[in-house]
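Participant: Please find one structure pasted underneath; my questions will follow.
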Amino acid sequence: MSRGHPSDAQLARWAEAGKGKRAASHAIHCLLCERRLETITELAPRLREQLAASLEPPGTFEQRLQERLSQRLLDHETIALVTDLVDVGPETTRLLLEARERDEDDE
Amino acid sequence: MAEDPGARQTTIGADEGVREMVDQHGPAIYRLAVSIVRDPALAEDVAQETFIMAWRHRDTYRGVAPLRHWLLRIAHNVAVSTLRSLREEARDPSTLPGGHAEVVESTVANRMAVEEALSLLDPLSRSIVVLREMEGLSYAEIGQILGVALPTVKTRLFRARATLREIAGEVRS
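One line per chain: the protein sequences are A and B, in this order.
Counting with the working numbering, you get residues 1 to 107 for the letters of the first sequence.
Counting with the working numbering, you get residues 1001 to 1173 for the letters of the second sequence.
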């Protein structure tokens, strides 16, 4: 490598062990060295696949999320509606609705 | 009591709007969330809160950045906040997400190596890796979503990738 630019070994040493911070500081601001660092640290396709697999949501995630969100939105709308009709605060409405649900469960 | 058609209409509209957001961005939100909280159930909770917050504050989305970036930013904030609450509740590191032995035990060898490598990274570095490697975002976009400076994005990414390569080396093709 020409003068001023760190060698591949220096860049790798910084990426892997945090040694040679001057090389890193140069690389972060030098487009050429930044690209070299990208190549040096590039993830192999297999590793990338495994990474993706480890972060993938469970198969039922979207359906479960949709159901939970629908329920939350419905609760929100119910509270807003009752708050308007009965002219009480949202917390009071929430308590009233919870009390009613408890009564229904007891029956 | 007679049903208020207006309120019902609002619910249906909200439901459809959120449904569309989940269809388009749900998995990306989950990936970022699970990379931070390291627990699938918690990541689902984070995703849920993200979409609820997005829906409630939809008026504040100005449309300058893509919707997905806005959602990712909310998800990041919710996930970090969740992690912080957990840490305050349980000072014992073994009770934190990521310490669940059963999650690791149920995975194959390669998956374990990747999990181990991810667990060695801090939450910010994991977020950066996910946004770059999985979502394909630019350094500038990542910086905007996570609210960190460009050099920080690059530094964390390169070091995180080196850690992943080193710890999960046997996964390399």
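Idealized CB from N, CA, C, for every residue including glycine.
#1: Using a 10 Å radius around the Cβ and a threshold of 16 neighbouring Cβ atoms, would you call D1039 of chain B buried or exposed?
#2: Anything in chain B within Cβ reach of T41 of chain A, meaning under 9 Å, just list it in chain order.
#3: Measure from the alpha carbon of S1085 of chain B to the alpha carbon of each residue in B:L1042, B:P1027 and B:R1165, then state which is nearest.
#4: Drop a sphere of 10 angstroms on the beta-carbon of P6 of chain A, count the other beta-carbons inside from all chains shown, and report buried for 16 or more, exposed for fewer.
#5: Express the C-alpha separation of V1153 of chain B and G1026 of chain B in angstroms, rounding to a whole number.
#6: Can you name the residues of chain B whose CB is closer than 7 Å to the CB of E71 of chain A?
#7: Starting from the Cα of R68 of chain A, find the closest Cα among B:T1050, B:A1075, B:V1080 and B:D1059 and give me that residue.
#8: Could you check how far apart the C-beta atoms of A1168 of chain B and A1117 of chain B are, in whole angstroms? I think they sit under 8 Å.
#9: Classify A1002 of chain B as helix, strand or coil using the three-state DSSP reduction.
#10: Less than 8 Å between C-beta atoms, sequence neighbours within five positions excluded: which residues of the same chain meet that for H26 of chain A?
#11: Please compile the residues from chain B whose C-beta is within a distance smaller than 7 Å of the C-beta of R22 of chain A.
#12: Am I right that A1054 of chain B and E1135 of chain B are in contact with their C-beta atoms under 8 Å? What's the rounded C-beta distance?
#13: Taking its Cβ as the centre, do 16 or more other Cβ atoms sit within 10 Å of Q50 of chain A, making it buried, or is it exposed?
#14: In whole angstroms, what separates the C-alpha of E1133 of chain B from that of L1146 of chain B?
#15: Pick from A:L55, A:L43, A:T60 and A:K19: whose alpha carbon is nearest that of A1160 of chain B?
#16: From the DSSP output, in three-state form, read off L43 of chain A for me.
#17: Please confirm whether Q10 of chain A has its beta-carbon closer than 8 Å to some beta-carbon of chain B.
#18: How should Q10 of chain A be labelled, buried or exposed, when 16 other C-beta atoms within 10 angstroms of its C-beta is the threshold for buried?
Facilitator: According to the structure data:
#1: That one is buried.
#2: For T41 of chain A, the chain B residues whose Cβ falls inside 9 Å of its Cβ are L1157, F1158, R1159, A1160, R1161, A1162, L1164 and R1165, in order along the chain.
#3: Here the closest residue by C-alpha is B:L1042.
#4: buried
#5: 24 Å
#6: Looking at the sequence shown, residue 71 of chain A is not Glu but Gln. None at all; the shortest Cβ gap to chain B is about 10 Å.
#7: B:T1050
#8: 4 Å
#9: Per-residue confidence for A1002 of chain B stands at a pLDDT of 43, beneath the threshold of 50, marking its modelled position as unreliable; no derived number is given.
#10: These residues qualify, in order along the chain: G4, H5, P6 and C33.
#11: Those do not exist, as R22 of chain A stays about 13 Å from chain B at its closest Cβ, beyond 7 Å.
#12: Between E1135 of chain B and A1054 of chain B the Cβ distance is about 17 Å, and since that is not below 8 Å, they are no contact.
#13: buried
#14: 15 Å
#15: A:L43
#16: coil
#17: no
#18: Looking at its Cβ environment, which holds 16 or more other Cβ atoms inside 10 Å, Q10 of chain A is buried.
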